[in-house]
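There are 4 protein chains.
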Amino acid sequence: MTELTGTWYISPTPFTDGGEVDQDSLRRIVDAAETWNVDGITILGVMGEVADLTAAERETVLATVADAARGRLPFAVGCTAPAAAVVRANAARAVDVGAAAVMVAAPALLKDTDSIGAFYRSAVGDCPVPVIVQDEPAATGVTLPVSALIAALDAANSNVVKLEDPPTPPKISRLLAQRPGLTVFGGLGGVSAYNELNRGAAGTMTGFAYPEILRAIRLAFETGDRERAARLNDRFLPYLVFEGQVRVGLGIRKEVLRRRGVLTTARTRALNPLPDAATLAELDDVLARVGLTPAIESVELP
Amino acid sequence: MTELTGTWYISPTPFTDGGEVDQDSLRRIVDAAETWNVDGITILGVMGEVADLTAAERETVLATVADAARGRLPFAVGCTAPAAAVVRANAARAVDVGAAAVMVAAPALLKDTDSIGAFYRSAVGDCPVPVIVQDEPAATGVTLPVSALIAALDAANSNVVKLEDPPTPPKISRLLAQRPGLTVFGGLGGVSAYNELNRGAAGTMTGFAYPEILRAIRLAFETGDRERAARLNDRFLPYLVFEGQVRVGLGIRKEVLRRRGVLTTARTRALNPLPDAATLAELDDVLARVGLTPAIESVELP
Amino acid sequence: MTELTGTWYISPTPFTDGGEVDQDSLRRIVDAAETWNVDGITILGVMGEVADLTAAERETVLATVADAARGRLPFAVGCTAPAAAVVRANAARAVDVGAAAVMVAAPALLKDTDSIGAFYRSAVGDCPVPVIVQDEPAATGVTLPVSALIAALDAANSNVVKLEDPPTPPKISRLLAQRPGLTVFGGLGGVSAYNELNRGAAGTMTGFAYPEILRAIRLAFETGDRERAARLNDRFLPYLVFEGQVRVGLGIRKEVLRRRGVLTTARTRALNPLPDAATLAELDDVLARVGLTPAIESVELP
Amino acid sequence: MTELTGTWYISPTPFTDGGEVDQDSLRRIVDAAETWNVDGITILGVMGEVADLTAAERETVLATVADAARGRLPFAVGCTAPAAAVVRANAARAVDVGAAAVMVAAPALLKDTDSIGAFYRSAVGDCPVPVIVQDEPAATGVTLPVSALIAALDAANSNVVKLEDPPTPPKISRLLAQRPGLTVFGGLGGVSAYNELNRGAAGTMTGFAYPEILRAIRLAFETGDRERAARLNDRFLPYLVFEGQVRVGLGIRKEVLRRRGVLTTARTRALNPLPDAATLAELDDVLARVGLTPAIESVELP
């Protein structure tokens, strides 16, 4: 069974100029993820614009990545839906095509957080692959206290949580105090990765466009070289923060992946599908400042 | 072209005991709607648990109702989705199978209400059938002021809005003051239908399990018999309020439809799929008090 | 010690034509509450527009009602605030002037519901009078699951909760299942009072403008005359629902209290301080339909 | 009249070890603000824990700062409240003691953003000092689109807005496109100050504990030395991001002000009034990394 730890890469869903799902770019994402030496790839998450895909497109993404990743890289699949029955169906399909794990957030706009255990039990209580419980208030409109996350983990027979509820570092401490040994992934574009790892996170699972940097920070931590971890974090923080902006961040990320040669276009399904001129100028500025040159190869790290 | 006015019935999605979409019950819903003399039927709305269906199930509902309703009853199709591209795809499929109209709410958790016009333009600006702009804060988490609703209507080339933002009566007045001639449907289970019609609503579009009562209230208004409209409203209000409860209301509604002989089961996809004993006892009590006996035939109205 | 049970009346804050707190009307409210035979009066709650008062006005309301009620009627005081220190100060002042109880809701926009116990402990853990834990999602933006309400009750050494999270009847059942013997007040303008009492509520605490009706429904329940309770509820439900509307309901309520001779004006501190003509016409209509004639005396009940 | 532009410092409300408002520290804040050469000081804002003060404490803060700042430094006063009448009262008191400006956000949990103009007109339409319209979704629960901000500005006869709705840089561009010449202050702890200034912000108004850094970034921009602005931003960004964390950020900020010799304690009115050990360790780490040594004097900037 795949070990769910380390640096996982959350894949965006690439689109062609015509606005269709771009399968060639999807395959290049898998290639790039391997090049970047990440521990796995997660598809159909919030930053994969999963809510913005038709069912046919969702299946295209799943099948394409499953095919491209087979034997090379474990992949996890976002299976979140408002009803347990739909999560079950999503998870079954993910398992069918070889997913190493499924990721499930709370149902959108859930009011009664006491019901979270029953939801996870019904949705993934008997899931044959590991379940990643995703704590995602921005996309779901649901803030889960630690007690509800623990209930969700128990109901899902899960030992893995991915946090996106800022500030993540103290929430990691509170979770680990109650559940020592829990695998916690940080998220939020890696903006707090340094302190997340400092608090005991097992890794980072996010869509940051230079995952090799997050991996290097983690490896530095694991080898006890905190000084290097801090140096890498601080060096690249201006870009981490820039890409980590809500709403506009996804277009920035896709533009960088385009420049790296991974995507054909930077299109999103948001209303303004491409970053505007001012944002692109800011992007050029910040990339130059932190010294990132875009190519599919891993950047050389100081 | 179908006139979008009058009393429209929002269909639930029926499930079998095994939890599958129940096509036989769906066909009986169309039969019942015809019996009840409603002006049209709306499928795949919030109370149709559209968010809780897989894409295949969604298609089953659409195809079954389209087939059953053809030549008998106009039907509208809920096409709401977070991305304009998905709304477009949903709407195209609805038009393909003969929908008289499509219904579209704001994308869930939308922050910038100034962007609502661009969203509707991109999603349904060129839709070949009428668009019903749905104002649904509870399900979307988005409260639209009148100015945003007007922008959405303009962008969708629409003259029809369905209101679910309480209190609906004063919002109807504000809308009609700015856009005289607008067709406004009330909703919210018919709880405020009497005052909605009083404020100028053209009808009611909701899933209340006795739509013939809402139709009779409307007809009384249209013929100037306000006394009868009030008498009908006040007589049945205890049940209107009981069925209109948030969260538990859908299971109550389905149970009544089961008792009327329309549905095979009262199952929902909520976590507790059937109303509990206390709720069923309250239901028996209120139905007895207002004198509603459940049969597929229209109830006799005083 | 005052028994916290029965029918409590939540007082509005009356304003003069000039927009000042109207002390004469406040005294008449206490007179009327005595006339209506309610078990107590609650001031400075959400419907008392407590958030819309200056500190000096708040003190005026408190001192005026304390003086008028002394020796006649127990009164409870809303003490909700975002910080425990301010709740403490509010509660201390309420106790000083003779409050029988204090009422405290969650701090507005609280994110981590696991912290609710610590909040109540710090705010009112040592309060010398009973604490009413108020469950008020609309005004606070915070939905508390039953587990959080229990934690709040424990921290406040309280056995009294007032529910405003619809649907209230099933939440009463869930609360009483976990905490038998809990005193639960229904609220929400009395719209669900009948079923709240049916589920085990000890009473109703709300600002409905004819509290004697809610009292009569409760007494009918207590004497086992459910038929009478139902008859009263159903008879007056059209007005209960009308007054119970969000946002516009407070102005309606104050207008009725003005007509009953209790208030001098119907002014609120909302942006449109008085009900508009259409709302007043609806009010005349519904009062006539249910046969309510406004006078300070208790209405005669069938 | 004070020019509302430049780098304004938002003052926290200091507390003594006993939990009282600490007037000595308040006076030292004014001293420090003068030392740091900021253009003004803002009190009783969100980060001044204004919602967590009693009315008497609020007055203490106002009177103390007014007295200390007189003739030395202009000060603005947060006057936000749910009702226009209370904003008016707050603003009148602020003007009485010599405030250079008042700052007003939307009323908490406002639903109908079309009513924002009427609110500001009633609250501050005739205010004799400049009004700063604060765009603060986190504290108010209200997201204002640009059209609503423009309506608020017009109603308040204001030309000054303070933005806290991330991502702030593109919102600045949208605002200035519609209202050229508008004075826009960035906020959010200065995390995006560099790009805010790049988009045309006139300054930053926030509570960052080293305001002299934000001032230096702004001056570099104004003199066209973008390279220096970027260097300063990037150098201190790890600490800007660390202090900028939601919820825990205020305690961090107060701890740094304590270390700088400005405050006597780092206490807040949150449930855990002081930063915990792990947070303090992170603070030590990040301050060392960016080379900030705490003293009341302005830090020497590269």
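Residue numbers (the working numbering), protein chains in the order written: chain A, 1 to 302; chain B, 1001 to 1302; chain C, 2001 to 2302; chain D, 3001 to 3302.
C-beta: ideal position from N, C-alpha, C; glycine also.
As the structure is a prediction and not an experimental result, all values here were calculated from the model.
Under 9 Å from the C-beta of residue i: neighbouring residues of chain A
i	result
V1124 (chain B)	The premise fails here: V1124 (chain B) is roughly 14 Å from chain A at the closest Cβ pair, so nothing lies under 9 Å.
V2146 (chain C)	D112, D114
Short CB-CB distance (under 8 Å) between residue i and chain D
i	result
L2026 (chain C)	no
G2019 (chain C)	yes
A2100 (chain C)	no
Delimiting residues of the beta strand (DSSP E) encompassing residue i
i	result
T183 (chain A)	183–186
D1135 (chain B)	1131–1135
A76 (chain A)	75–78
L3163 (chain D)	3160–3163
G203 (chain A)	203–206
Amino acids of chain B, ordered along the chain, whose beta-carbon sits closer than 7 Å to that of residue i
i	result
R2289 (chain C)	A1230, D1234
Neighbour list for residue i in chain B, Cβ cutoff strictly below 8 Å
i	result
P2014 (chain C)	Near P2014 (chain C) there are no residues of chain B at all, since even the closest Cβ is about 23 Å away, more than 8 Å.
Residue i in three-state terms, based on DSSP
i	result
D17 (chain A)	coil
I1172 (chain B)	helix
V61 (chain A)	helix
T2002 (chain C)	coil
I3041 (chain D)	strand
L1237 (chain B)	helix
I1029 (chain B)	helix
G1189 (chain B)	helix
I296 (chain A)	coil
G1141 (chain B)	coil
T3113 (chain D)	helix
Terminal residues of the alpha helix (DSSP H) in which residue i lies
i	result
A2220 (chain C)	2211–2222
G1251 (chain B)	1249–1259
F119 (chain A)	116–124
V3102 (chain D)	Careful: V3102 (chain D) lies outside any alpha helix (DSSP H), inside the beta strand (DSSP E) at 3101–3105.
V290 (chain A)	277–290
Short CB-CB distance (under 8 Å) between residue i and chain A
i	result
L3274 (chain D)	no
G1045 (chain B)	no
A3278 (chain D)	yes
P3170 (chain D)	yes
Within chain C, the residues that residue i reaches when beta carbons sit closer than 8 Å
i	result
R1247 (chain B)	P2167
A3089 (chain D)	T2054
Residues that residue i contacts on chain D, provided the C-beta gap is smaller than 9 Å
i	result
R2269 (chain C)	P3082, A3083, A3084, A3085, V3086
Within-8 Å CB hit, residue i to chain C
i	result
D3052 (chain D)	yes
L1176 (chain B)	no
V1299 (chain B)	no
A3106 (chain D)	no
L1188 (chain B)	no
Under 7 Å from the C-beta of residue i: neighbouring residues of chain D
i	result
S2115 (chain C)	L3271
P302 (chain A)	The contacting residues do not exist; P302 (chain A) stays about 15 Å from chain D at best.
V95 (chain A)	Within chain D, no residue comes near V95 (chain A); the closest Cβ sits about 37 Å away, beyond 7 Å.
Cβ separation of residue i and residue j, assumed to be a contact under 8 Å, to the nearest whole Å
i	j	result
A1085 (chain B)	D52 (chain A)	7 Å
R260 (chain A)	P294 (chain A)	4 Å
N1233 (chain B)	E2282 (chain C)	Rounded, the Cβ-Cβ distance is 12 Å, inconsistent with contact.
Interface flag, residue i vs chain B, CB-CB below 8 Å
i	result
S2011 (chain C)	no
P3158 (chain D)	The question names Pro, yet the displayed sequence has Ser at residue 3158 (chain D). Not one chain B Cβ lies under 8 Å of S3158 (chain D).
R2253 (chain C)	no
Contact set between residue i and chain C, taken where Cβ atoms lie within less than 7 Å
i	result
A3141 (chain D)	One point to set straight first is that residue 3141 (chain D) is Gly, not Ala, in the sequence displayed. Simply L2109, G2141.
L1237 (chain B)	L2237, P2238, V2241
Contact set between residue i and chain C, taken where Cβ atoms lie within less than 9 Å
i	result
A2975 (chain D)	This structure cannot settle anything about residue 2975 (chain D), because the visible part of chain D is limited to 3001 through 3302.
R1199 (chain B)	A2278, E2282
Within chain A, partners of residue i - CB distance below 7 Å
i	result
V3133 (chain D)	Near V3133 (chain D) there are no residues of chain A at all, since even the closest Cβ is about 22 Å away, more than 7 Å.
Interface residues of chain D facing residue i [CB-CB closer than 8 Å]
i	result
N37 (chain A)	Within chain D, no residue comes near N37 (chain A); the closest Cβ sits about 26 Å away, beyond 8 Å.
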